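Just below is one structure, and these are the notes that go with it.
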Amino acid sequence: MQQVNDQMDSNAGATATHCPYCAFQCGMRISAAGKEIAVTGDAEFPVNKGALCIKGWTAAATLTHPERLTTPLARNESGVLVPVSWDAALDRVAQGFKDAQGAYGKDAAGIFGGGSLTNEKSYLLGKFARVALQTSNIDYNGRFCMSSAAAASIGSLGIDRGLPFPLADIAGAEVVLMTGSNSAETMPPLMQYFEEQRANGGMLIVADPRLTATASRADLHLRLTPGTDSALANGILHILMRDGRLDQDYIDARTEGFDHIKGTIATYWPERVERITGVPQRELERAARLLGEAGAAMVLTGRGTEQQAQGVNNVRSFINLALALGLIGRPNSGYGCLTGQGNGQGGREHGQKADQLPGYRRIDDPAARAHVAAVWGVDEARIPGPGKSAYEMLDSLGLEGGVMALLVMGSNVVVSAPNARHVVDRLRSLDFLAVSDFFRSETAELADVVLPAAQWAEEEGTMTNLEGRVIRRRRVTNPPADVRDDVSVICELAERLGEGRHFRYSGAEEIFHELGRASAGGPADYAGITYAKIDANNGVFWPCPDADHAGTPRMFVDGFPTASGRARFHAVRHGSPAEEPDADYPLYLTTGRNLAQYQSGTQTRRVEELTSMTPLPLAEIHPATASRYQLEEGSGVTLVTRRGAANFNVKVTRGIREDTVFVPFHWGGVQAANRLTNPALDPTSRMPEFKVCAVRIEAALRSNDKGE
Amino acid sequence: MTEKQKLVVIGNGMAGARFVEETVAMGGRDLYDITVIGEERCGNYNRILLSSVLSGSHAPDDIFINPLDWYEENGVALHAGVRVIGVDRKGKMAYGQGGVLIPYDKLVIATGSSAFVPPMDGLYDEDGSYKAGAFVFRTLEDCTEIIEYAGDTKRAAVIGGGLLGLEAAKGLMNRGLQVDVIHLTGWLMETQLDPMSGQFLQQSLEELGVTFHLEKLTTAVMGDEKVTGLQFKDGNTLDCDMVVVSAGVRPNVDLARMAGLHVRRGILVNDSMACRNDQDIYAIGECAEHRSQVYGLVAPLWEQARVLAERLTGHDEDALYAGSRISTKLKVMGVELAVAGDKDPLEADDEVVTYVEPNRNVYKKVIVREGKVKGAILLGDGLAIPRVLQAFDRQEPLPDNRSELLFPLVDILGPAVKVEDLPDEAQICDCNGVTKGRIVVAVRSGNRDVKSVCAATRAGSGCGSCTAQVQALVDLEGENVAADAGDLDRYVPGIALTKPELTGAIKAMKLRSAAAVLEALSEGAADAQAEAGLEFLLREIWGETEEYERDTLIEESSVFATVTTWPSGDARAVSVAVGASQGYR
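In the order they appear, the protein sequences are chains R and E. Start counting the first sequence at 70; every next residue gets the next number (our numbering). Start counting the second sequence at 163; every next residue gets the next number (our numbering).
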């Protein structure tokens with residue numbers, strides 16, 4: 070690595086900022102000379118240490134892309150989106166909200182945010198919903214990412230910070246168990262820590278139905294049946310309990326509820342777990358032995374484990390494992406979740422969620438409401454209660470009691486929400502839809518008003534990376550003339566809604582100060598973080614309650630922020646996925662991401678270098694299954710579920726289970742994987758079951774199904 | 163609100179307690195006052211793990227599923243250590259030993275089964291209890307007594323070479339005893355195995371130190387005060403200090419029979435688990451007979467418990483139990499054996515797929531009917547087990563190539579492939595999607611060390627894990643280039659590529675100007691002749707109408723930097739090639 074890093078220093082002096090994509094938030098140096106913008110990895114930023122993946126290297130391409138929106142658009146009388154002035158566009162958005170709220174009540178206005186928005190925007194969007202619109206209906210696409218891990222962590226550990234330890238700890242872990250994450254493709258620069266870990270003699274265990282790029286680097290790959298994660302965790306814990314490898318001193322001193330899970334764990338003996346998970350008993354035993362013998366070990370979960378109707382229980386079962394081994398709060402050890410979206414961490418902390426206020430406070434907590442109302446200078450009674458979760462909000466659009474006027478900011482729900490065709494129907498039945506984005510995304514195509522937004526390198530603000538490190542996003546270049554920052558859009562709309570006095574700021578830093586005050590005393594306490602402190606320290610880990618506080622790289626060292634100060638075990642009995650294969654839909658379908666694409670693809674599908682690497686969505690199918698359906702490499706297939714059908718090209722690979730088909734979800738229209746996925750929700754987190762449903766393969770492309 | 167009904171469960175074992183747990187989880191306490199009567203004095207434990215307790219792998223405390231305080235915490239009344247001696251169906255009352263009277267509205271019988279003990283002389287003391295040193299192996303109490311007695315003895319016999327008997331034998335061996343297994347028929351586990359697999363299993367267990375005596379009928383237990391040996395029908399004898407009888411089980415149906423319920427081998431129930439002649443009484447578990455099947459495995463029991471709980475709680479009033487496909491594994495560390503369904507073909511068209519390897523005692527046999535697994539014996543290869551059992555459980559269509567089923571390609575990557583053997587389209591750098599072909603081109607273009615290859619291709623600029631492979635390619639291709647240098651037909655001076663190679667490289671790297679080509683590919687200083695040739699080639703590649711750029715590199719950025727220009731040419735063009743298989747060589 071070092072020799073590569075030397076190269077990257079050549080661009081010292083360029084502006085330091087961070088990649089627009091995933092939660093790893095690689096440090097970048099960017100120089101702009103006219104319209105030419107050059108990107109290199111920032112060797113001085115301690116997280117990526119100069120590394121970038123192909124998405125990062127090509128990130129600047131979206132800034133000057135010819136398809137970029139450069140003026141507001143509004144639908145004219147013939148139903149065509151045409152350029153309009155900002156005043157006209159904003160007036161129309163404000164009127165759309167007023168009309169809906171006048172006719173149906175306050176909750177008829179809805180906001181759908183995103184996990185790519187800065188902390189400042191996430192905070193402001195939440196405040197806008199509660200103060201300017203006074204609606205309870207605000208949620209965001211992070212509900213589709215982080216909500217299961219968040220709910221489980223809060224329930225078990227008292228707080229949710231993706232990695233409660235610095236990334237550098239990974240390198241010192243003797244054993245890491247990673248479940249449901251393909252970070253070698255989704256977060257490639259992270260892998261340097263695993264390389265280091267393995268160079269130190271450490272072992273990596275990966276649990277995934279696929280032999281992913283990540284799993285193929287592992288010392289042990291547990292190829293579990295989709296939807297059986299908690300059975301796997303319970304099974305490993307059973308073996309550890311059997312073999313007397315638990316840390317009883319830790320269990321006694323730092324946890325509660327262990328006796329209540331022992332009975333459940335007793336029902337997950339290895340032979341049974343082998344039957345449920347399909348993981349050979351010998352491999353279960355080996356995984357348990359590796360974890361049990363390690364002095365320092367880590368359990369990390371990703372979306373594969375979390376995006377299920379049992380996602381919260383799945384994560385709880387892995388936290389149980391980490392607690393029983395005494396890992397949490399110790400160096401180079403613990404439980405963590407690998408956050409996905411760029412600001413998936415900060416985006417879930419500052420009031421963009423239906424049930425939350427800034428600082429990761431609960432909106433139904435009277436003390437939290439009083440605190441935030443005081444910061445906002447409003448009457449506490451004016452702050453609405455909890456609203457609908459993301460999919461439930463989308464499912465309510467245009468229906469009685471549902472949202473009638475919606476603003477979508479930083480999300481492409483037509484591609485990223487489950488049961489996508491239904492979501493399109495619901496969006497079409499809205500009285501009014503406004504979308505703020507850089508491009509005419511699939512969702513923007515349905516909008517009444519489209520607002521062109523400034524991009525990452527054109528704005529100031531903060532992001533919080535997967536380890537809870539708050540970092541600066543810096544402006545490198547100005548947006549095109551008629552493109553505005555979302556912050557100014559929100560403030561302008563508030564003016565038009567008669568609440569402008571609460572939304573006047575000199576810039577992002579002032580919003581951050583207010584966010585800090587609003588978060589003070591909450592679980593995610595940013596009160597002691599300033600831009601200057603971030604600049605001086607390569608980021609600051611929250612919680613950081615006051616100016617003298619250095620931040621908290623490692624949490625849970627002395628205790629857990631629960632009522633008793635102890636972490637809690639939760640008995641988890643695994644259950645079947647909401648939909649299992651049957652005669653009509655005989656295979657499992659699971660979804661995920663490719664290296665060269667990101668999320669709904671709004672950005673990456675427009676970057677030529679990325680699309681040339683991964684031009685089409687490929688359905689990964691085992692050769693035995695392919696042969697049964699007479700499919701060959703490159704064949705066109707239609708996959709059909711109870712929700713809909715979508716088209717893919719076949720990639721034949723032994724890397725997938727025979728009973729499972731994998732598809733990436735970065736594409737729209739008839740290639741949208743989420744036309745297939747099941748919107749069954751986790752009862753606690755309201756996370757949809759993206760990662761498992763039942764599917765049928767139809768060989769011939771159905772030409773009559775043109776999609777949306 | 164109407165008064166709660168009284169739901170009474172007789173039996174606190176694997177089926178009864180599971181039913182109670184499911185009922186509580188489904189909100190059954192809103193509908194019922196729940197009472198459980200269990201003959202054992204403890205809470206509910208996992209009977210499946212008794213052999214693990216015997217072998218010493220599990221502590222007795224670790225096998226409890228519902229300890230006594232579970233019942234209290236969940237508002238379930240438990241009578242532990244009470245045997246039910248009668249049921250009055252007219253008066254809707256269960257009678258327990260010691261004068262316990264328990265009225266019911268709904269009664270669930272889950273009395274399980276008991277060890278079957280074949281007749282033999284000398285097994286019992288005068289008071290009717292087993293002679294010292296003689297045991298059955300059915301309950302946790304049996305188990306702890308066996309463990310205690312085994313501590314002072316050297317040699318144990320196990321009567322019965324079935325699943326449980328073999329597990330008991332191995333368990334006793336783990337405790338340091340010499341163990342003999344006495345079995346009535348010609349091969350072990352004869353209800354689940356065919357003769358050859360039975361023989362292989364025997365050999366596997368013999369290798370672990372167990373001794374077998376087949377086709378032996380035990381007629382007497384010898385010893386006055388305590389067990390000293392066994393007497394067989396053929397006249398032979400065997401010395402031993404203790405004997406464990408594990409010759410099968412019999413459903414506990416006496417209570418039901420006395421109450422006038424219809425009983426054949428088990429208590430007859432329909433798909434709703436209700437007794438044939440009393441719709442307020444249900445039977446689940448090993449005491450129930452459903453569609454002529456009496457199940458002795460946990461999965462069917464739990465399924466029955468769930469169905470009944472769903473019906474009685476109204477969670478799913480129409481839930482039905484349709485029977486189970488049964489399969490099981492032998493829990494003996496060091497011997498991997500799974501059996502499922504039929505052990506032999508039943509119909510003329512049945513396919514029998516077998517693989518036999520006597521040297522390692524590996525035996526795999528799958529019975530296929532109508533393209534589905536109807537039976538399987540898998541011995542000696544644990545990695546093959548999950549796939550076959552899942553195919554059996556789900557009755558999923560099988561691959562035409564049946565060997566796919568028997569030989570899972572566990573290490574599907576095979577041994578590490580040398581980088582020289584990889585095809586050009588193989589991806590070397592995962593982070594940046596750099597193929598071997600691109601790296602080779604970079605080396606051939608004059609990048610002779612890892613640093614410059616990485617700079618030219620971005621390989622290694624993510625996690626860095628491919629650096630060793632890049633180094634190998636640099637070494638390998640460097641030699642090739644040196645060897646080829648003499649006869650290489652270069653298209654332009656300064657770039658060690660033929661025209662097809664150069665064309666491929668320009669396309670792959672999307673180079674649009676002569677300067678960019680030289681920057682990426684040239685070995686040394688630029689040359690006016692080369693530029694002219696490149697301009698011509700670029701026009702040929704990208705076309706006249708296409709805007710290819712001249713010299714747009716900013717000074718600061720090396721090729722490492724991304725250079726984006728506006729308009730950026732054919733950004734919307736989407737290649738439809740599947741896979742990035744462009745050979746450059």
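C-beta: ideal position from N, C-alpha, C; glycine also. This one's a predicted model, so the numbers in the text were calculated from it and none came from an experiment.
So, helix, strand or coil for residue i, using DSSP?
| i | result |
| --- | --- |
| GLY590 of chain R | coil |
| ASP573 of chain E | With a pLDDT of 48 at ASP573 of chain E, under the threshold of 50, the modelled position of this residue cannot be trusted; read the value that follows with caution. In this structure, ASP573 of chain E counts as coil in the three-state DSSP scheme. |
| THR281 of chain R | coil |
| ARG180 of chain E | helix |
| HIS375 of chain E | strand |
| ARG712 of chain E | At ARG712 of chain E the pLDDT is 39, less than 50, meaning the model places this residue with poor confidence; the figure from the coordinates comes in the next sentence. Coil. |
| SER720 of chain E | Confidence at SER720 of chain E is low in this model, with a pLDDT of 32, below 50, so its placement is unreliable and no value can be given for it. |
| SER217 of chain R | helix |
| ASN521 of chain E | helix |
| GLY224 of chain R | helix |
| ASN303 of chain R | helix |
| ILE603 of chain R | helix |
| PRO521 of chain R | strand |
| ASN117 of chain R | coil |
| HIS290 of chain R | strand |
| ASN642 of chain E | helix |
| MET188 of chain E | coil |
Cβ closer than 9 Å: which chain E residues qualify as neighbours of residue i?
| i | result |
| --- | --- |
| GLN350 of chain R | LYS491, GLU498, GLY544, ILE547 and PRO548 |
Less than 8 Å between the beta carbons of residue i and residue j, yes or no?
| i | j | result |
| --- | --- | --- |
| ALA763 of chain R | PRO650 of chain R | yes |
| THR273 of chain E | GLY190 of chain E | no |
| ILE320 of chain R | GLU354 of chain R | no |
| LEU142 of chain R | VAL153 of chain R | yes |
| TYR460 of chain R | PRO748 of chain R | yes |
| MET756 of chain R | GLY380 of chain R | yes |
| ALA201 of chain R | LEU426 of chain R | no |
| GLU767 of chain R | THR707 of chain R | yes |
Span of the alpha helix (DSSP H) holding residue i?
| i | result |
| --- | --- |
| ALA440 of chain R | It is His, not Ala, that sits at residue 440 of chain R in the sequence shown. That run of the alpha helix (DSSP H) goes 435 to 445. |
| GLN361 of chain E | 357 to 369 |
| ARG385 of chain R | 380 to 393 |
| SER214 of chain E | 212 to 217 |
Between which two residues does the beta strand (DSSP E) carrying residue i extend?
| i | result |
| --- | --- |
| GLN164 of chain R | No beta strand (DSSP E) holds GLN164 of chain R; the alpha helix (DSSP H) holding it covers 155 to 173. |
| GLY569 of chain R | Note, GLY569 of chain R: premise wrong, no beta strand (DSSP E); not H, not E. |
| HIS87 of chain R | 84 to 87 |
| TYR653 of chain E | First-last for TYR653 of chain E: undefined, no H or E at that position. |
Could you tell me which chain R residues have their CB closer than 8 Å to the CB of residue i, listed as they occur along the chain?
| i | result |
| --- | --- |
| HIS220 of chain E | ARG311 |
Please list the partners that residue i has in chain E, where partner means a Cβ-to-Cβ separation under 8 Å.
| i | result |
| --- | --- |
| GLU243 of chain R | Chain E residues near GLU243 of chain R: none, gap ~19 Å exceeds 8 Å. |
| THR336 of chain R | ASN208 and ILE227 |
| SER696 of chain R | PRO561, ASP562 and ASN563 |
| LEU664 of chain R | ASP592, CYS593 and GLY595 |
Within the 8 Å Cβ cut-off, does residue i reach chain C?
| i | result |
| --- | --- |
| ASP728 of chain R | Any reference to chain C falls outside this structure, whose protein chains are R and E. |
Going along chain E in order, which residues have a C-beta closer than 7 Å to the C-beta of residue i?
| i | result |
| --- | --- |
| ALA253 of chain R | ASP592 |
| PRO655 of chain R | GLU558 |
Which bits of chain R does residue i rub up against, with CB to CB less than 7 Å?
| i | result |
| --- | --- |
| GLU566 of chain E | ALA693 |
>> Which runs of the alpha helix (DSSP H) at least 4 residues long sit entirely within the region 427 to 499 of chain E? Give them in chain order.
In response: 460 to 475
> At what residue ranges does the region 192 to 270 of chain E contain a whole run of the beta strand (DSSP E), taking only runs of 3 or more?
Replying inline: Those beta strand (DSSP E) runs which fall completely within the region 192 to 270 of chain E and span 3+ residues are 194 to 200, 226 to 228, 239 to 242, 246 to 250, 255 to 258 and 262 to 265.
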